[in-house]
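The working numbering numbers the first residue of the sequence shown as 11 and each following residue consecutively. Everything below concerns the one structure shown next.
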Amino acid sequence: MSDDIALLSAAELIAGYRDGSLSPVEAAEAALARIEAHDGKLNAFRLVDAERALKAARESEERWRIKAPRGRVDGVPTSIKDLLLTKGWSTPRGSKTVDQDQPWEEDAPCVARLREHGAVLIGKTTTPEFGWKGLTDSPLTGITRNPWNPERTPGGSSGGAAVAVAAGMGPLAIGTDGGGSVRIPAGFTGIFGLKASGGRVPAYPSSPFGTLAHVGPMTRTVTDAAILLSVISEPDPRDWYALPPQGAGTAADYTVGLDDGVAGLRIGFSPSLGGHPVDPEIAALVAKAAGSFEELGATVEEADPGLGDCAAAFRTLWYAGAAALLAAFTADQKALMDPGLVELAAEGAGYSALDYLAAVKLREAVGVAMNLFHQTYDLLLTPSLPIPAFEAGLEVPRGSGMARWPDWTPFSYPFNLTRQPAANVPCGLTSEGLPAGLQIVGPSYADALVLRAARAYERAQPFKMPAL
Numbered sequence: 011m012s013d014d015i016a017l018l019s020a021a022e023l024i025a026g027y028r029d030g031s032l033s034p035v036e037a038a039e040a041a042l043a044r045i046e047a048h049d050g051k052l053n054a055f056r057l058v059d060a061e062r063a064l065k066a067a068r069e070s071e072e073r074w075r076i077k078a079p080r081g082r083v084d085g086v087p088t089s090i091k092d093l094l095l096t097k098g099w100s101t102p103r104g105s106k107t108v109d110q111d112q113p114w115e116e117d118a119p120c121v122a123r124l125r126e127h128g129a130v131l132i133g134k135t136t137t138p139e140f141g142w143k144g145l146t147d148s149p150l151t152g153i154t155r156n157p158w159n160p161e162r163t164p165g166g167s168s169g170g171a172a173v174a175v176a177a178g179m180g181p182l183a184i185g186t187d188g189g190g191s192v193r194i195p196a197g198f199t200g201i202f203g204l205k206a207s208g209g210r211v212p213a214y215p216s217s218p219f220g221t222l223a224h225v226g227p228m229t230r231t232v233t234d235a236a237i238l239l240s241v242i243s244e245p246d247p248r249d250w251y252a253l254p255p256q257g258a259g260t261a262a263d264y265t266v267g268l269d270d271g272v273a274g275l276r277i278g279f280s281p282s283l284g285g286h287p288v289d290p291e292i293a294a295l296v297a298k299a300a301g302s303f304e305e306l307g308a309t310v311e312e313a314d315p316g317l318g319d320c321a322a323a324f325r326t327l328w329y330a331g332a333a334a335l336l337a338a339f340t341a342d343q344k345a346l347m348d349p350g351l352v353e354l355a356a357e358g359a360g361y362s363a364l365d366y367l368a369a370v371k372l373r374e375a376v377g378v379a380m381n382l383f384h385q386t387y388d389l390l391l392t393p394s395l396p397i398p399a400f401e402a403g404l405e406v407p408r409g410s411g412m413a414r415w416p417d418w419t420p421f422s423y424p425f426n427l428t429r430q431p432a433a434n435v436p437c438g439l440t441s442e443g444l445p446a447g448l449q450i451v452g453p454s455y456a457d458a459l460v461l462r463a464a465r466a467y468e469r470a471q472p473f474k475m476p477a478l
């Protein structure tokens with residue numbers, strides 16, 4: 011257990027609250043102190059509400075004093091990505107075009123569940139405008155930076171959430187993932203992030219990018235992610251796409267069976283997912299991590315699911331979503347927006363209905379290919395990202411010849427197309443001291459299996475956080 015309260019896991023905090031050795035007020039004060047000390051450089055938060063957080067922490071402290079905690083995360087400092095509605099706080103979604111001076115009277119489903127379980131909400135984390143790209147900078151909040159090296163990007167679009175967790179600004183964060191937006195920043199910042207199965211975590215309002223979008227936990231430990239998923243996967247009638255609850259009662263307990271290991275599993279490892287180039291250092295770290303599952307009792311075989319080139323399908327669906335999002339905005343409003351988003355939407359507006367339906371058919375084929383792959387393999391391992399974190403403030407690495415962010419995220423967006431659960435697991439550091447990530451992909455709805463495998467790896471290779 012760390013001597014710094016800000017670096018304790020949610021599970022450790024809850025154990026301390028239970029035995030009286032720790033206080034929710036101490037935990038909130040520690041998180042707020044880390045924000046005060048480091049966020050001026052890192053820019054993880056769009057909004058911090060210390061007064062409200064400390065009030066919630068004092069209320070939690072009293073509940074723990076009388077041994078009547080409200081729920082699973084009572085008193086745990088938690089941040090919310092600024093795409094998600096949060097009652098009493100504005101949600102401008104990284105855009106200067108959203109009027110913040112209006113009533114904000116509704117919580118997104120995951121935020122509502124967190125309040126019901128007693129979480130201490132610290133503030134709203136940064137996002138690119140409307141979550142459109144795999145980086146975190148916006149006209150509204152500027153550039154968010156990586157705690158391992160502030161000259162580098164943390165990725166995105168849940169970059170503020172990832173930085174907050176990695177830097178000790180609260181152990182729990184909620185991210186969203188439409189093309190890798192949980193796993194990309196988790197990979198670049200060396201934390202655990204799970205893109206839960208599509209519909210596993212209810213979402214409202216629905217994303218402009220449709221069923222590509224997911225909600226998931228971002229944490230420093232797998233156990234914390236399991237606790238958080240158990241909370242935010244509880245049902246909400248506002249999500250028409252939501253899955254039915256798992257387990258007894260209203261939701262599953264994802265901590266049950268978490269430590270059961272991977273012995274006997276058959277795991278496929280695809281080092282390039284169909285031939286995508288990977289930085290040699292990243293490739294070596296990922297291959298070593300994949301091999302460690304053999305030592306944990308699984309059978310690991312190099313195998314590729316044969317997804318083909320699904321980039322065009324993702325691009326059509328994503329760009330069309332951007333076009334639909336921006337259709338209601340005026341030319342004057344678009345002039346205030348990230349130029350990249352405006353360009354993306356303009357391209358998307360040029361697609362026909364037939365183009366869109368062709369992308370849907372290709373998406374279906376990718377989903378079938380993965381279903382067939384999982385007839386043989388329980389899990390798929392790939393790199394999370396093919397490169398380490400690059401210069402902050404750029405959409406693509408300088409001099410790479412790439413055009414858009416999907417060009418360097420070929421391992422993440424396929425599993426938004428298929429809606430499968432997929433997680434980033436930190437698997438070491440490059441020679442420059444930048445994190446590498448292993449992606450664990452499970453069959454549809456096998457969130458518990460992905461968490462179990464990630465936990466087995468974490469026990470063998472504990473995750474390291476940046477020194478600040």
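Note that the Cβ used here is the ideal one computed from N, Cα and C, for glycine as well.
Exercise for review: Return the chain-ordered ranges of every alpha helix (DSSP H) run that is complete within the region 61-113 and spans a minimum of 4 residues.
Suggested key: Secondary structure in the region 61-113: no alpha helix (DSSP H) run of 4 residues or longer lies completely within the stretch.
Exercise for review: Measure the beta-carbon distance from V232 to F198 and round it to whole angstroms, keeping in mind my assumption that it falls under 8 angstroms.
Suggested key: As a first step, residue 232 must be located in the sequence shown, where it is residue number 222. As a first step, residue 198 must be located in the sequence shown, where it is residue number 188. Incorrect: roughly 18 angstroms between the Cβ atoms, too far for contact.
Practice item. May I have the straight-line CA-CA distance separating E36 from I15, to the nearest angstrom? Key: The sequence position of residue 36 within the sequence shown is 26, counting from 1. The sequence position of residue 15 within the sequence shown is 5, counting from 1. E36 and I15 have their C-alpha atoms spaced approximately 8 angstroms apart.
**Study point:** Secondary structure of Q471, DSSP reduced to three states
**Key:** For the purposes of this step, residue 471 is taken as residue 461 along the sequence shown, with counting starting at 1. The answer is coil: DSSP assigns Q471 none of H, G, I, E or B.
Practice item. Hey, could you find the ends of the beta strand (DSSP E) A433 is sitting in? Key: Here residue 433 refers to the residue found at position 423 when the sequence shown is read from its first residue. Looking at the DSSP string, the run of the beta strand (DSSP E) that includes A433 is 432-439.
Review point. Going by alpha carbons, who is nearest to R502 out of T136, D117, L23, W415?
Key: Coverage of the chain is limited to positions 11 through 478, which leaves residue 502 absent and any answer about it impossible.
Review point. Hey, quick one: how far does the beta strand (DSSP E) through T392 stretch, first residue to last?
Key: If you number the sequence shown from 1, residue 392 lands on position 382. 389-393 is the span of the beta strand (DSSP E), which, as asked, contains T392.
Check your understanding: Taking the continuous alpha helix (DSSP H) assigned at G350, which residues delimit it?
Key -> Position 340 of the sequence shown, counted from the first residue, corresponds to residue 350. Its alpha helix (DSSP H) spans residues 349-359.
Point to revise | Which residues DSSP lists as bridging G226, in chain order | key: As a position in the sequence shown, residue 226 is number 216, starting the count at 1. G226 is bridged to G185.
Exercise for review: Count the C-beta pairs between the region 120-129 and the region 157-173 that are closer than 8 angstroms, then say yes if the count reaches three, no if not.
Suggested key: no
Exercise for review: State the DSSP-derived secondary structure class of R28, mapped to helix, strand or coil.
Suggested key: Against the sequence shown, residue 28 aligns to sequence position 18. Three-state DSSP puts R28 in a helix.
Exercise for review: Can you give me the start and stop residues for the beta strand (DSSP E) that I277 sits inside?
Suggested key: By 1-based counting over the sequence shown, the position of residue 277 is 267. Taken as a continuous stretch (DSSP letters only), the beta strand (DSSP E) holding I277 covers 276-279.
Check your understanding: Which runs of the alpha helix (DSSP H), 4 residues or longer, sit entirely within the region 237-323?
Key -> Taken in chain order, the whole alpha helix (DSSP H) runs of length 4 or more contained in the region 237-323 are 290-305.
Point to revise | Contacting residues, own chain, Cβ-Cβ under 8 angstroms from N381 (five flanking each side not counted) | key: Translated into positions along the sequence shown, residue 381 becomes position 371. Within the same chain, N381 has close Cβ partners P453, S454.
Point to revise | Cβ neighbour criterion (16 or more within 10 Å) applied to P215 | key: Taking the first residue of the sequence shown as 1, we reach residue 215 at position 205. That one is exposed.
Check your understanding: Under the rule that 16 or more other beta-carbon atoms within 10 Å means buried, what is W99, buried or exposed?
Key -> Translated into positions along the sequence shown, residue 99 becomes position 89. By the 10 Å Cβ count, W99 comes out buried.
Review point. Based on the DSSP output, what are the partners of V130 in its beta bridges?
Key: Against the sequence shown, residue 130 aligns to sequence position 120. V130 is bridged to P87.
Review point. Relative to the alpha-carbon of E312, which residue among D319, F303, L404, G318 has its alpha-carbon at the smallest distance?
Key: Start at 1 with the first residue of the sequence shown, and residue 312 comes out as number 302. Selected option, being the one with the closest Cα: F303.
Check your understanding: Three-state secondary structure (DSSP) at G152?
Key -> For this step, residue 152 is matched to residue 142 along the sequence shown. G152: strand per DSSP, three-state reduction.
Review point. Quick one: what does DSSP say A463 is sitting in, helix, strand or coil?
Key: By one-based count along the sequence shown, residue 463 stands at place 453. DSSP, reduced to helix, strand and coil, places A463 within a helical segment of the structure shown.
Exercise for review: Report yes if the CB atom of V192 is closer than 8 angstroms to the CB atom of L182, and no otherwise.
Suggested key: The residue you call residue 192 lines up with position 182 of the sequence shown. The residue you call residue 182 lines up with position 172 of the sequence shown. Against a cut-off of 8 angstroms, the Cβ pair of L182 and V192 comes out as no contact.
Review point. Since K205 sits in a beta bridge, which residues does DSSP pair it with?
Key: Numbered from its first residue, the sequence shown carries residue 205 at position 195. The partner list for K205 (beta bridge, DSSP) reads A432.
**Study point:** Coarse secondary structure for P195, derived from DSSP in three states
**Key:** For this step, residue 195 is matched to residue 185 along the sequence shown. It is helical.
**Study point:** Per-residue DSSP class, three states only, for F9
**Key:** Because the chain spans 11 through 478 in this model, residue 9 falls outside it and cannot be assessed.
Check your understanding: Near S19, which residues of its chain fall below 8 angstroms by C-beta distance, leaving aside the five closest residues on each side in sequence?
Key -> Numbered from 1 along the sequence shown, position 9 holds the residue referred to as residue 19. Here the set comprises P181, T229, R230, T231, T233, D234.
Practice item. Using only alpha-carbon positions, find the residue among S441, T440, P445, L389 that is nearest to F425. Key: For the purposes of this step, residue 425 is taken as the residue at position 415 of the sequence shown. Ranking the options by Cα distance to F425, first place goes to L389.
Exercise for review: Enumerate in chain order the residues of its own chain whose CB-to-CB distance from P502 is below 8 angstroms, with the five nearest sequence positions on each side excluded.
Suggested key: Since the first residue of the chain shown is 11 and the last is 478, residue 502 is not available in this structure.
Review point. Thinking C-alpha only, which one of G350, I450, Y27 is nearest A78?
Key: Here the question's residue 78 lines up with position 68 in the sequence shown. Ranking the options by Cα distance to A78, first place goes to Y27.
Review point. Less than 8 angstroms separating the beta-carbons of A38 and A67?
Key: As a position in the sequence shown, residue 38 is number 28, starting the count at 1. As a position in the sequence shown, residue 67 is number 57, starting the count at 1. Yes, Cβ-Cβ distance for A38 and A67 is below 8 angstroms.
**Study point:** Cβ contact check for the region 456-473 and the region 270-287: 3 or more pairs under 8 angstroms
**Key:** yes
Review point. Who are N159's beta bridge partners in DSSP?
Key: Locating residue 159 in the sequence shown gives position 149, counting from the first residue. Paired residues: N156.
Practice item. Using DSSP bridges, identify the partner residues of E401. Key: Residue mapping note: residue 401 aligns to position 391 of the sequence shown, counting from 1. Per DSSP, R162.
Practice item. Look up D417 in the DSSP assignment and say whether it is helix, strand or coil. Key: Here residue 417 refers to the residue found at position 407 when the sequence shown is read from its first residue. Residue state, collapsed to three classes: helix.
Review point. What are the boundary residues of the beta strand (DSSP E) that includes G447?
Key: Start at 1 with the first residue of the sequence shown, and residue 447 comes out as number 437. G447 -> beta strand (DSSP E) spans 445-451.
Check your understanding: Apart from the five residues just before and just after A262, which ones in its own chain have a Cβ nearer than 6 angstroms to its Cβ?
Key -> Along the sequence shown, one-based indexing puts residue 262 at 252. Cβ neighbours of A262 beyond the five flanking positions: Q256.
Review point. With distances taken between CB atoms, is the gap from T392 to Q343 smaller than 8 angstroms?
Key: As a working mapping, residue 392 is identified with position 382 in the sequence shown. As a working mapping, residue 343 is identified with position 333 in the sequence shown. No, they are not a contact pair.
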